[in-house]
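Structure first, commentary second.
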Amino acid sequence: MVQGTMSAFEYFVKQLDYQVQTLEMILSMKEEGKSVEEISEFVGVSPTEVNKARPKHLEVAKEDLNRYQRRLKRGL
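Each residue of the sequence shown is one higher than the one before, starting from 443 at the first, in the numbering used here.
Here it is, written out as structure tokens:
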């Protein structure tokens, strides 16, 4: 592979990592008592996405990320 490029799978893992980080940020701000509008503006997602964010979604996303990162390290 040409240095500086990434495979579709690597890109997928990177996007999943971004999703985990976003969910963590949303949920922590919700716990702090921030409004949906504040969270939406700060994180850069729609208010609908803020309302849909749940701890279970974060748990599932983290499990998926860990599984796919292990695959990536093995070269699959």
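Ideal placement from N, C-alpha and C gives every residue a C-beta, glycine not left out.
Quick caveat: nothing in here was measured; it's all calculated off a predicted structure.
Range covered by the alpha helix (DSSP H) that runs through residue i
i: V455; result: 450-473
i: S482; result: 478-485
i: T447; result: No alpha helix (DSSP H) holds T447; DSSP gives it neither H nor E.
i: R496; result: Here R496 belongs to no alpha helix (DSSP H), and DSSP marks it neither H nor E.
Residue i classed as buried or exposed, judged by whether at least 16 other C-beta atoms fall within 10 angstroms
i: A495; result: buried
i: V455; result: buried
i: S449; result: exposed
i: S482; result: buried
Beta-carbon separation (whole angstroms), residue i vs residue j, contact threshold 8 Å
i: L469; j: L507; result: That belief does not hold up - the Cβ atoms of L469 and L507 are roughly 15 Å apart, past 8 Å.
i: V492; j: V478; result: 5 Å
i: Y510; j: L458; result: 6 Å
i: M471; j: F484; result: 7 Å
i: V462; j: K504; result: 6 Å
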